[in-house]
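Scroll down for the structure; my scribbles are underneath it.
Residue numbers (this note's numbering): 22 to 137.
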């Protein structure tokens, strides 16, 4: 069973930056497309950014120009660089992988809090 482990969450002031990392227990070339989603209490989990196996990224409008997703296939890592953070970015962030055989695999989540 593949495991995904997030790290890098924390507290940051508005306008600040954080970098989230997702480490996979297996070769991420076997996992397919990967990405990040976030969730706040009482709301559904929301897709934030996704990156294809070939490296093509996509973002929701709310984070375009502020967040950058990347993957390092040789290190089995995926990252989300978050700049210009806003109060509305406060959430638990989850990394995921869409595997054609086992379906969507989720990490345990990491809290990001934007507060002054």
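Just so it is clear, CB atoms sit at the ideal spot from N, CA and C, and this is done for glycine as well.
Within 10 angstroms of its Cβ, does residue i collect 16 or more other Cβ (buried), or is it exposed?
i           : result
residue 95  : exposed
residue 25  : buried
residue 128 : buried
residue 27  : buried
residue 84  : buried
residue 50  : exposed
residue 122 : exposed
residue 100 : buried
Is residue i near residue j, with beta carbons less than 9 Å apart?
i           : j           : result
residue 90  : residue 67  : no
residue 53  : residue 41  : no
residue 33  : residue 131 : no
residue 70  : residue 88  : yes
residue 76  : residue 92  : yes
residue 137 : residue 35  : yes
residue 46  : residue 97  : yes
Do you know whose CA, among the options, lies nearest residue i's CA?
i          : options              : result
residue 44 : 83, 135, 56 and 109  : 56
residue 48 : 118, 38, 124 and 137 : 118
residue 38 : 102, 108 and 58      : 102
Can you look up residue i in the DSSP assignment and give me helix, strand or coil?
i           : result
residue 27  : strand
residue 107 : coil
residue 52  : coil
residue 123 : coil
residue 95  : helix
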